Amino acid sequence: MTAIRPEAGRNLNRMILVMLPYFVFIMYAINRGTNFTRALFMNCDHSLLTYPFYKQPKQILRLFQIRLRELVKINLLPAFVIGAGLCLLLFATGGAVRITDYVVLLVSVICMSIFFSVHYLTIYYLLQPYNAGTQMKSGTYQIVSSATYFLCFLVMQLRIPIGIFGLLTIVFCTTYCIVACFLVYKLAPQTFRLRK
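Written as structure tokens, this is what we have:
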């Protein structure tokens, strides 16, 4: 592209260098978290939540970690393809100022995907929204889901260099994962139940 239309390549390069926040919304849109948790409830949890052993803190955390690993696997492939594609596009249109920008770009897109995987599974465990008839009964769950959409839309409006936004994304994702596991372990025994 830079050989045929150098100006277009330079413009695309400048755009990629500050458009990483835009990919928060893209990763939100392609994440399979909502469908995954709905399938978990319909295929498994709506029956097992009637048994006391299923609500013990260690069992809940163990199952949460297993499910999180599987959800991350589902979301990781598109995130890796998008991150790697952005790195290649950045390189093809003139490159980045620092070589570390490529690493931060790839890792931050993967972290966004992991964040949404953790987020949707965490709110499922802490706000379990379904009743025995698999109908959504939690207004709080819907508010949190709507707030997530709104925040992603707001973040999309930002124009921040890859290095700064990428590092903030990585730190935030890591912190969120640790806090989410702690909250699920402490609170899910009381919150992970069938709604009436």
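According to the numbering used here, the residues represented by the sequence shown are 14 to 209, in order. The beta carbon of each residue, even a glycine, is placed where N, CA and C say it ideally should be. This one's a predicted model, so the numbers in the text were calculated from it and none came from an experiment.
query: Length of the line joining the Cα atoms of residue 195 and residue 20; result: 50 Å
query: Counted within 10 angstroms of its Cβ, other Cβ atoms place residue 162 as buried (16 or more) or exposed; result: exposed
query: Which listed residue (191, 177, 63) has its alpha carbon closest to that of residue 74; result: 191
query: Given residue 42 as reference, the closest of 155, 144, 143, 91 once Cα atoms are compared; result: 91
query: Validate contact between the segment 128–141 and the segment 175–189 using beta carbons, cut 8 Å, 3 pairs; result: yes
query: Span of the alpha helix (DSSP H), counted from its first residue to its last, around residue 97; result: 70–105
query: Residue 155 versus residue 71 - alpha carbon distance; result: 27 Å
query: Residues near residue 172 in its chain [Cβ-Cβ closer than 8 Å; skip 5 each side]; result: 31, 32, 34
query: Nonlocal neighbours in the same chain, by C-beta distance under 8 Å from residue 136, ignoring five residues either side; result: 154, 157, 158
query: Cβ-Cβ separation, residue 50 to residue 134 (assumed contact under 8 Å), whole Å; result: 6 Å
query: Simplified DSSP assignment, three categories, for residue 32; result: coil
query: Supposed contact pair residue 205 and residue 147 - C-beta distance, whole angstroms, cut 8 Å; result: Going by Cβ atoms, the distance from residue 147 to residue 205 rounds to 16 Å, so no, they are not a contact pair.
query: C-beta atoms of residue 100 and residue 119 nearer than 8 Å; result: yes
query: Cβ pair residue 202, residue 68 closer than 8 Å; result: yes
query: Same chain, Cβ closer than 7 Å to residue 98, five either side skipped, listed in chain order; result: none
query: DSSP-derived helix/strand/coil call for residue 206; result: coil
query: Beta-carbon separation (whole angstroms), residue 143 vs residue 208, contact threshold 8 Å; result: 6 Å
query: Sequence-distant residues of its chain with Cβ nearer than 6 Å to residue 25 (five each side left out); result: 106
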